[in-house]
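Have a look at the structure below, then the notes.
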(Lines of atoms letter the chains of each structure in order from A and count residues from 1; the text may use other names and numbers.)
(Lines give C-alpha, C1' and ligand atoms only; values in the text may rest on other atoms or scores of the structure.)
Protein backbone atom coordinates (compact mmCIF):
# COMPACT_ATOMS: atom_id res chain seq x y z
CA UNK A 1 0.00 0.00 0.00
CA UNK A 2 1.43 3.37 -0.95
CA UNK A 3 1.31 6.66 0.95
CA UNK A 4 -1.66 7.95 -1.03
CA UNK A 5 -3.71 4.84 -0.19
CA UNK A 6 -2.80 5.13 3.49
CA UNK A 7 -3.92 8.77 3.57
CA UNK A 8 -7.19 7.83 1.86
CA UNK A 9 -7.85 4.96 4.29
CA UNK A 10 -7.03 7.14 7.30
CA UNK A 11 -9.38 9.86 6.06
CA UNK A 12 -12.23 7.41 5.42
CA UNK A 13 -11.81 5.84 8.84
CA UNK A 14 -11.78 9.18 10.66
CA UNK A 15 -14.88 10.31 8.78
CA UNK A 16 -16.62 6.99 9.47
CA UNK A 17 -15.85 7.09 13.19
CA UNK A 18 -16.73 10.78 13.46
CA UNK A 19 -20.07 10.23 11.74
CA UNK A 20 -20.77 7.18 13.88
CA UNK A 21 -20.38 9.31 16.99
CA UNK A 22 -22.64 12.00 15.55
CA UNK A 23 -19.84 14.56 15.50
CA UNK A 24 -19.54 17.28 12.91
CA UNK A 25 -16.18 18.20 11.47
CA UNK A 26 -16.38 21.44 13.45
CA UNK A 27 -16.87 19.63 16.76
CA UNK A 28 -14.11 17.08 16.15
CA UNK A 29 -11.74 19.80 14.97
CA UNK A 30 -12.45 21.90 18.06
CA UNK A 31 -12.04 19.00 20.47
CA UNK A 32 -8.82 17.88 18.76
CA UNK A 33 -7.56 21.47 18.68
CA UNK A 34 -7.05 21.60 14.91
CA UNK A 35 -8.63 23.69 12.18
CA UNK A 36 -11.70 22.43 10.40
CA UNK A 37 -9.88 23.01 7.11
CA UNK A 38 -7.06 20.69 8.19
CA UNK A 39 -9.53 18.04 9.40
CA UNK A 40 -11.37 18.25 6.10
CA UNK A 41 -8.09 17.77 4.25
CA UNK A 42 -7.28 14.72 6.38
CA UNK A 43 -10.70 13.20 5.72
CA UNK A 44 -10.29 13.79 1.97
CA UNK A 45 -6.91 12.08 2.10
CA UNK A 46 -4.94 15.12 0.92
CA UNK A 47 -3.12 15.85 4.20
CA UNK A 48 -1.53 13.64 6.81
CA UNK A 49 -1.44 14.68 10.49
CA UNK A 50 1.61 14.57 12.74
CA UNK A 51 1.60 11.94 15.47
CA UNK A 52 0.42 14.29 18.23
CA UNK A 53 -2.55 15.46 16.16
CA UNK A 54 -3.38 11.88 15.20
CA UNK A 55 -3.35 10.98 18.90
CA UNK A 56 -5.71 13.85 19.75
CA UNK A 57 -8.13 12.84 16.98
CA UNK A 58 -8.07 9.22 18.16
CA UNK A 59 -8.66 10.36 21.75
CA UNK A 60 -11.74 12.37 20.77
CA UNK A 61 -13.03 9.42 18.72
CA UNK A 62 -12.32 7.12 21.70
CA UNK A 63 -10.12 4.70 19.77
CA UNK A 64 -6.44 3.81 19.79
CA UNK A 65 -4.47 5.67 17.12
CA UNK A 66 -3.52 2.45 15.31
CA UNK A 67 -7.22 1.66 14.81
CA UNK A 68 -7.49 4.62 12.47
CA UNK A 69 -5.38 2.65 9.99
CA UNK A 70 -7.43 -0.55 9.93
CA UNK A 71 -8.33 -1.47 6.39
CA UNK A 72 -11.63 -3.11 7.25
CA UNK A 73 -13.02 -0.39 9.52
CA UNK A 74 -15.44 1.12 7.01
CA UNK A 75 -18.10 -1.44 6.14
CA UNK A 76 -18.99 -2.37 2.59
CA UNK A 77 -21.86 -0.49 0.99
CA UNK A 78 -24.39 -3.21 1.81
CA UNK A 79 -23.30 -3.34 5.46
CA UNK A 80 -23.33 0.45 5.61
CA UNK A 81 -26.87 0.56 4.24
CA UNK A 82 -28.05 -2.12 6.66
CA UNK A 83 -26.44 -0.33 9.60
CA UNK A 84 -27.98 3.00 8.58
CA UNK A 85 -31.44 1.48 8.13
CA UNK A 86 -31.18 -0.39 11.40
CA UNK A 87 -30.25 2.78 13.32
CA UNK A 88 -32.99 4.75 11.57
CA UNK A 89 -35.66 2.16 12.32
CA UNK A 90 -34.52 1.76 15.93
CA UNK A 91 -34.63 5.52 16.41
CA UNK A 92 -38.15 5.74 15.01
CA UNK A 93 -39.38 2.86 17.15
CA UNK A 94 -37.87 4.42 20.28
CA UNK A 95 -39.43 7.77 19.45
CA UNK A 96 -42.86 6.18 18.91
CA UNK A 97 -42.62 4.22 22.16
CA UNK A 98 -41.58 7.34 24.04
CA UNK A 99 -44.65 9.15 22.69
CA UNK A 100 -46.93 6.29 23.72
CA UNK A 101 -45.45 6.16 27.23
CA UNK A 102 -45.83 9.91 27.65
CA UNK A 103 -49.41 9.78 26.44
CA UNK A 104 -50.48 7.00 28.78
CA UNK A 105 -48.16 7.48 31.73
CA UNK A 106 -48.11 11.23 31.85
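Numbering (my numbering), first residue to last: -15 to 90.
Ideal Cβ placement from N, Cα and C applies to all residues, glycine included.
Residue closest to residue i, alpha-carbon to alpha-carbon, out of the options
i           : options           : result
residue -15 : 84, 33, 74 and 54 : 54
residue 31  : -9, 76, 88 and 85 : -9
residue 35  : 29, 23 and 49     : 49
residue -7  : 86, 4, 89 and 28  : 28
Beta-carbon proximity check, residue i vs residue j, cutoff 7 Å
i          : j          : result
residue 20 : residue -5 : no
residue 44 : residue 16 : yes
residue 18 : residue -2 : no
residue 42 : residue 52 : yes
Counted within 10 angstroms of its Cβ, other Cβ atoms place residue i as buried (16 or more) or exposed
i          : result
residue 13 : buried
residue 1  : buried
residue 81 : exposed
residue 23 : buried
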